[in-house]
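Note that our numbering has the sequence shown beginning at 174, numbered continuously upward.
We put the beta carbon where it would ideally sit given N, CA and C, even for glycine.
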Amino acid sequence: MDILFDLLLLIFTFIYVFATILIPVQLKKKDKITKFQARKAVHLLAGLAVLSAPYYTWPWWAVILAGSMTLLTLLSSKKSNVKQLKELYDSIGEEAEEKVGYLQGPFHYCLSITILITFFVIVAPNQMFFAIAGILLMIISDTLASIIGKKYGKRKINLPWVNTTRSLEGSLTFFISGFFLCFFAFTFLGVTNPITQIHLSLEIALLYSLITSGLATIVELVSPSTWDDLTIPIATVVIVFLLTLI
Numbered sequence: 174m175d176i177l178f179d180l181l182l183l184i185f186t187f188i189y190v191f192a193t194i195l196i197p198v199q200l201k202k203k204d205k206i207t208k209f210q211a212r213k214a215v216h217l218l219a220g221l222a223v224l225s226a227p228y229y230t231w232p233w234w235a236v237i238l239a240g241s242m243t244l245l246t247l248l249s250s251k252k253s254n255v256k257q258l259k260e261l262y263d264s265i266g267e268e269a270e271e272k273v274g275y276l277q278g279p280f281h282y283c284l285s286i287t288i289l290i291t292f293f294v295i296v297a298p299n300q301m302f303f304a305i306a307g308i309l310l311m312i313i314s315d316t317l318a319s320i321i322g323k324k325y326g327k328r329k330i331n332l333p334w335v336n337t338t339r340s341l342e343g344s345l346t347f348f349i350s351g352f353f354l355c356f357f358a359f360t361f362l363g364v365t366n367p368i369t370q371i372h373l374s375l376e377i378a379l380l381y382s383l384i385t386s387g388l389a390t391i392v393e394l395v396s397p398s399t400w401d402d403l404t405i406p407i408a409t410v411v412i413v414f415l416l417t418l419i
């Protein structure tokens, strides 16, 4: 029965992921949305599949799912012989990825999810809320910060040593949204519904949320834009998790 549940959950999650990729790609092909909008739609929606990770009775299914998506993004290139993979690259690829020739940002996005899920499956499968919190920061807060920063960012933060420009408005958006997302992850999985996770008190959930979102905002601020999908979730979650062990 457990195997059947896992397989059904895995199939449903795969269907969800492919839908969140294929729909924006098709809309971009028909010029219904821009490349920026297609990329942000995939970034925002596809990664939410990670919410299924704590519910597998055999947690390695989550690693297999994330690893499959990592391979998919690596193979999606402008020179791919597979039509669908080339279309994916053409629909959401950025100018900065022209030199490497593949979807570097989405690859880092999927790779960071795979690394975090694998780490917690091995080290602390009953504390997956740390991984979920970090991934939600990358998926949603980073997307919101980018959108708000582009549209409303007036107070620029220039960091020449990492060759990137942020805005105060974008960073505040990241921190505020990040706090609520982390609070959701820690409370839903650890406080109110600890089915497979260890129980957390509400006070601890609030503390973890504040520290995680604050640290992630700093990491996002100093990270090059092509690498922040790796640095934000991994650096933030590993540091916060290690702090809990002290």
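- For the options E260, I312, A297, L244, the alpha carbon positioned closest to that of H216 is the one of I312.
- Within the model, the alpha-carbon separation for K203 versus L182 is close to 32 Å.
- The criterion of a C-beta distance shorter than 7 Å is satisfied by T346 and I321.
- Three or more beta-carbon pairs separated by less than 8 Å link the stretch 292 to 307 to the stretch 226 to 242, which places the two stretches in contact.
- In this structure, DSSP gives I194 a helical state, which the three-state scheme calls helix.
- Secondary structure note for T360: it is in no alpha helix (DSSP H), with a DSSP letter that is neither H nor E.
- With 16 or more other Cβ atoms from the protein chains shown falling within 10 Å of its own Cβ, A358 counts as buried.
- For L332, the beta-bridge partners assigned by DSSP are T337.
- With contacts defined by Cβ atoms closer than 7 Å, A408 and V395 do not form a contacting pair.
- Comparing C-alpha distances from F178 to each of C283, P232, L200 shows the shortest one belongs to P232.
- With respect to I349, R339 sits apart: the two C-beta atoms are not nearer than 7 Å.
- Shown here, S250 sits in a strand according to DSSP, grouped into three states.
- In the displayed model, Y381 falls within a helix according to three-state DSSP.
- A straight line joining the alpha-carbon of N366 with that of I290 spans about 20 Å.
- Separation of F356 and K272 (C-alpha to C-alpha, rounded to the nearest whole angstrom) is 39 Å.
- Only buried fits K213, as 16 or more other CB atoms lie within 10 angstroms of its CB.
- Here DSSP, grouped into helix, strand and coil, assigns Y275 to strand.
- One Cα belongs to F185, the other to G387, and the distance between them is close to 34 Å.
- Around the beta carbon of K205, fewer than 16 other beta carbons lie within 10 angstroms, which makes this residue exposed.
- Around the C-beta of I405, 16 or more other C-beta atoms lie within 10 Å, and the residue is accordingly described as buried.
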